[in-house]
Structure formats: C-alpha cells, structure tokens
Amino acid sequence: MTPCPCGRPLAYAACCGPLHEGSPAPDAESLMRSRYSAYVLGLEDYLLATWHASTRPSALNLAAEPRPKWLGLEVKASTQTGDAATVEFVARCKLGGRAQRMHEISRFVREDGRWYYVDGVVDGGVSARAD
Ligand SMILES: [Zn+2]
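Numbering-wise (UniProt numbering), the sequence shown opens with residue 1 and increments by one.
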C-alpha cells in the first residue's frame, strides 16, 4: 500500500483521494491534509477551490521553477469552534536543494457544509499566500 501523501496511515483512495474528487472534508484537519496532498500532487484547481473567496489568489503557478519537493507533513494541533477552525502544522520540503521547514497555524471556515482555507500565520509572520 502506498500511504497517502498527507501522512495518515491510509491509502490515498481512502484518505485525500475522495476529497480531491469532490467529497466535502469532514473537518478542517482533513481539508488541510488534502490541501497538502494537493500541493504534493500539483492539484492547483483543488487548492483554489478550497481557498476562501475572500483570500483566494487568482493562480498559484505550481509548475513554476524551482518546484518544491514535499517531504512530509506533521499536524501539531487542531481546534474547532462552530464553523471556524485552526490547524497548526509543520510541512517540510526541499526548495532549490535547500531543506525548508514551514510552521503555520492556518485558519479555516465552514460555509454550506464545506470547509475553506482562509489564511495562516507562519512562524510569527502573516502569510495568506503560497507563492
Ligand atoms: Zn491523506
């Protein structure tokens, strides 16, 4: 079995796969994990579709060089209050040969039964953009 890119000990088809095909994420952490998997797999449309309209960029240009090589995801904490949630995570990647560690606390909201990424605080600085 090839484990899902998001790091859960599940097959992709039983984890992030259904979300990428349109199933609503059951919670913000699952959405966050599916978005990480989407970065790994280059699913730009999915990333834009799960980005809240108020903060969504017009494009991500995931194919632009240098492309990061994603190495792993670790979810540190997740909290939910009604239709708002935060997920704290560390994502590791290699960019241009250099190892990077991205520590972010992301904010999510739920609208009409679907979770959306709003923005995130990266290591003390604010960043809503992945580019
Ligand atoms: Zn997954």
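Glycine included, C-beta positions come from ideal geometry on N, C-alpha and C.
Which of helix, strand or coil DSSP assigns to residue i
i: Arg33; result: helix
i: His20; result: helix
i: Ala25; result: coil
i: Glu65; result: coil
i: Arg129; result: With a pLDDT of only 47 at Arg129, under 50, the local geometry of the prediction cannot be trusted, and no value is derived from it.
Nearest neighbour of residue i, chosen from the options [CA to CA]
i: Leu19; options: Ser30, Gly72, Leu10; result: Ser30
i: His52; options: Val118, Leu73, Glu88; result: Val118
Proximity of residue i and residue j at Cβ, strictly below 8 Å
i: Arg35; j: Leu47; result: yes
i: Arg114; j: Pro24; result: yes
Residues that DSSP places opposite residue i in a beta bridge
i: Tyr117; result: Trp51, Phe108
i: Glu74; result: Val90
Contact test: residue i Cβ vs ligand 1 heavy atom, cutoff 7 Å
i: Cys93; result: no
i: Ser78; result: no
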